[in-house]
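Residue numbers (the numbering used here): 460 to 590.
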Amino acid sequence: RPDEVAGAVAAAIDFGARVRGMVARCRDRLTALRADGASPVLWQGASKTVGLLTALGADHGTAFAVDLSPDRHDHFLPASALAVRAPAVLAEALPRHVVLMNPVYTAEVRAELDRLTPATQLLTINDLFAV
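This is the structure:
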């Protein structure tokens with residue numbers, strides 16, 4: 460039984476180290492996007508975004524989030540107080556980079572960006588975490 464406990468503890472420690480590495484990569488990539496001249500926008504104003512921003516801390520450097528749900532527009536995300544806006548604001552904001560929190564919707568969001576702000580680079584959260 461002690462071997463099982465030791466194995467579980469080692470797995471938990473390894474998991475924590477991997478998560479810290481992923482968060483650091485994400486933070487570094489967001490910093491690089493900001494260095495390109497503008498703060499990135501997050502596409503989704505819900506729990507996944509709240510979790511990401513909580514992990515990143517106050518220095519996440521994102522401009523705002525957009526969400527298709529009208530119930531989320533003109534509200535703020537818990538903990539970070541990041542504003543959630545309608546996608547239509549992208550036509551005026553003209554962000555250089557949008558980070559999509561759910562890659563399943565890449566084609567749909569790319570089509571919306573092509574309509575609103577075609578020059579915007581679309582990245583997914585997976586792009587920010589990748590090694």
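Glycine included, C-beta positions come from ideal geometry on N, C-alpha and C.
- Nearest neighbour of residue 518 by Cα position, chosen from 548, 545, 587 and 490, turns out to be 490.
- Collapsing the DSSP output to three states places residue 523 in coil.
- Under the Cβ criterion (8 Å, minimum of three pairs), the segment 469-483 does not count as touching the segment 521-532.
- Of 505, 513 and 523, the smallest CA-CA separation from residue 499 is found for 523.
- The segment 532-558 contains, as complete beta strand (DSSP E) runs of 3+ residues, the segments 542-544 (chain order).
- The residues 484, 485, 488, 489 and 558, in chain order, have a CB closer than 8 Å to that of residue 587 in the same chain once the five nearest residues on each side in sequence are set aside.
- Residue environment analysis places residue 508 among the buried positions, since at least 16 neighbouring C-beta atoms fall within 10 angstroms of its C-beta.
- When rounded, the separation of the alpha-carbon atoms in residue 474 and residue 581 is 29 Å.
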